[in-house]
Amino acid sequence: MHNNPALPWYRKLHIQVFIAMLLGAFVGKLGDGAVLPYIDWIGTIFVRLLRMMIVPLVFASIVSGVASVGGGRTLGRLFSKTLGYYVLSSTLAVLVGLVVVNVLKPGLGADFGAAASQTLPELSTPSSPLDLLIDMVPLNVVSAAANGDMLSLILFSILLGASIAVLPEKPRSTLMGVVDAFFQAVMKMTSWIIMILPLGVFSLIARAVGTLGFEEFKALGMYMVTIATGLTLHLFLVLPLLLMLLGKIKPSIHFRNMLDPLITAFSSSSSAATLPVTMRTVEEKVGVSNKVSSFVLPMGATVNMDGTALYECAGVLFIAQGLGIELTLLQQGTVVLTAILASIGAAAVPSAGLVIIFLVLESVNLRGPQVDLMVGAMLAIDRPLDMYRTSVNVFSDSCGAAIIARSEGETNVDAEVVSG
-18 MHNNPALPWY
-8 RKLHIQVFIA
2 MLLGAFVGKL
12 GDGAVLPYID
22 WIGTIFVRLL
32 RMMIVPLVFA
42 SIVSGVASVG
52 GGRTLGRLFS
62 KTLGYYVLSS
72 TLAVLVGLVV
82 VNVLKPGLGA
92 DFGAAASQTL
102 PELSTPSSPL
112 DLLIDMVPLN
122 VVSAAANGDM
132 LSLILFSILL
142 GASIAVLPEK
152 PRSTLMGVVD
162 AFFQAVMKMT
172 SWIIMILPLG
182 VFSLIARAVG
192 TLGFEEFKAL
202 GMYMVTIATG
212 LTLHLFLVLP
222 LLLMLLGKIK
232 PSIHFRNMLD
242 PLITAFSSSS
252 SAATLPVTMR
262 TVEEKVGVSN
272 KVSSFVLPMG
282 ATVNMDGTAL
292 YECAGVLFIA
302 QGLGIELTLL
312 QQGTVVLTAI
322 LASIGAAAVP
332 SAGLVIIFLV
342 LESVNLRGPQ
352 VDLMVGAMLA
362 IDRPLDMYRT
372 SVNVFSDSCG
382 AAIIARSEGE
392 TNVDAEVVSG
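If you're matching positions, the sequence shown starts at -18 in the numbering used here and goes up one per residue.
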């Protein structure tokens, strides 16, 4: 559900979510939470719907994205350059998020551990990075999907997509048709769930306020500042450095040429909805050839989610801090790796990161009612952050297209600011 300017204000999703947040806060306080038993089930069902979509979303988006790149030596070269850039930019984004959340510590002092009477979850991680690598390879992919073992599912999906890409034409096109159709169906299903986001937010915020009280929401203000700081550093420092160092491109020219897609991304909160604008602008204004843009940008809309990766890493660490849990370096490393891989599986639809954050939480065994409460609270203020991180996602895609085009010998990329 995108922000259509023609829609009346009350039908715009971000307005509905904001109103739902206010109503939820009010209802949560009514009679000291006396209303909660009547509306709590809505939030529970909404969270279950989000969790339900994790496996099909990750599988369909990764297989479709990787398989669509095709075969051949040129495509192999383009694929390795594109994947290399996307892994690099996503890793840098996650590391920025890691540093910012460890410096600002937005979860400290937020007594979210008292939100539920259940015992705090025990954390479990592999005993070494080698064990983590071994655990990524599933003995049974169906079992991995059933048990929510996302790292294994992501690895299998990447390998399956790569295998489809190099098949002969007839089986490749047959399988691609099936995978694309399944992906579109999953995207449609996800968009239906996002349509009831206001209802879910209403119930989850009512639960959070009824359980925690308003004073706890000071932590969310700090959380919002932390995420925004990380996104700003990545957008205005890290990505311009990549443009200069890898592409010999002036960031100021690229920023000005990319204004239209950035505004579209911010208003729509969807990399997929922005893709037609991004492709036209990258070809006509940035000056990238169709060969590079048609390969790099659709793949980027599926697998390159810098803003989402940063948000997932910082969000999980915020929840751990709020619960009073100190994550070790190895556990933070697990979060970093899972956030990078999980951002590949985040579909290019509004608030897809909300679905994916659950699997990053699972990677360090963070689950339970208090975790759901905190995710519910984060949902309420997610809209502006979602708009911002979508702009970061799209800008990173365009930087990748420009850098790869330069590496392929294209000299006219961002040579000047193109008006109109």
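Positions of the beta carbon are idealized from the N, C-alpha and C atoms, including for glycine.
Counting every other CB atom within 10 Å of its CB across the protein chains shown gives THR63 a total of 16 or more, marking it as buried. If the five residues before and after THR245 are omitted, its C-beta is found closer than 7 Å to the C-beta atoms of THR255, VAL258, all from its own chain and listed in chain order. Membership of SER49 in any alpha helix (DSSP H) is not indicated, and neither H nor E is assigned to it by DSSP. Only buried fits GLY288, as 16 or more other CB atoms lie within 10 angstroms of its CB. In the three-state scheme derived from DSSP, where H, G and I count as helix and E and B as strand, SER45 is classed as helix.
Here the alpha carbons of LEU31 and GLY24 stand approximately 11 Å from one another.
Here the C-alpha atom of LEU308 lies approximately 33 Å from the C-alpha atom of LEU180. In the pairwise beta carbon analysis, the region 361 to 374 is classified as not touching the region 264 to 277: fewer than three pairs are separated by under 8 Å. The beta carbon of LEU136 sits closer than 7 Å to the beta carbons of MET117, VAL118 from its chain, once the five residues preceding and following it are set aside; these are given in chain order. DSSP places TYR(-9) in no alpha helix (DSSP H); its state is neither H nor E. In the structure shown, the three-state DSSP call for GLY268 is coil. Judged by DSSP in its simplified three-state form, THR309 adopts coil rather than helix or strand.
Excluding five sequence positions before and after GLY357, the CB atoms of its chain that fall closer than 7 Å to its own CB belong to GLY24, LEU185, ILE186, ARG188, ALA189, given in chain order.
In this structure, GLY158 sits away from LYS10, with a CB-CB distance that is not shorter than 8 Å. Counting every other CB atom within 10 Å of its CB across the protein chains shown gives ASN285 a total of 16 or more, marking it as buried. A residue is called buried when at least 16 other Cβ atoms come within 10 angstroms of its Cβ; GLU293 meets this threshold and is buried. By the neighbour-count criterion, in which a residue is buried when 16 or more other Cβ atoms sit within 10 angstroms of its Cβ, ARG387 is buried. Nearest Cα to SER144 within the set VAL8, VAL77, LEU240, SER45: SER45.
Between CYS380 and LEU224 a beta carbon distance of about 6 Å is seen, short of the 8 Å cut, so the two are scored as contacting. DSSP places VAL167 in the uninterrupted alpha helix (DSSP H) bounded by 150 to 176. At a Cβ-Cβ threshold of 8 Å, VAL160 and ALA323 do not count as neighbours. Counting along the chain, VAL122 sits inside the alpha helix (DSSP H) bounded by residues 122 to 127. According to the DSSP assignment, ARG237 belongs to the alpha helix (DSSP H) that extends over 232 to 238. Rounded to the nearest whole angstrom, the C-alpha separation of TYR66 and SER251 is 21 Å. VAL75 places its beta carbon 8 Å or farther from that of ALA301. Rounded to the nearest angstrom, the Cβ distance from PHE247 to MET359 is 20 Å, too far for a contact under 8 Å.
Apart from sequence neighbours up to five positions away, the residues of its chain that approach LYS229 with a beta-carbon distance below 8 Å are ARG387, ordered along the chain. Contact between VAL8 and ILE234 is absent: CB atoms are separated by about 50 Å, not below the 8 Å threshold. Where ILE20 is concerned, the enclosing alpha helix (DSSP H) starts and stops at 17 to 33. By the 16-neighbour rule on beta-carbons within 10 angstroms, TYR(-9) is exposed. DSSP, read as helix, strand or coil, puts GLU389 in coil. Counting the other Cβ atoms within 10 Å of the Cβ of SER70 gives 16 or more, which makes it buried.
The residue among VAL269, ILE306, THR210, ALA126 with its C-alpha nearest the C-alpha of GLY390 is VAL269.
With respect to the 8 Å criterion, GLY296 and GLY211 are not classified as neighbours on the basis of their beta carbons.
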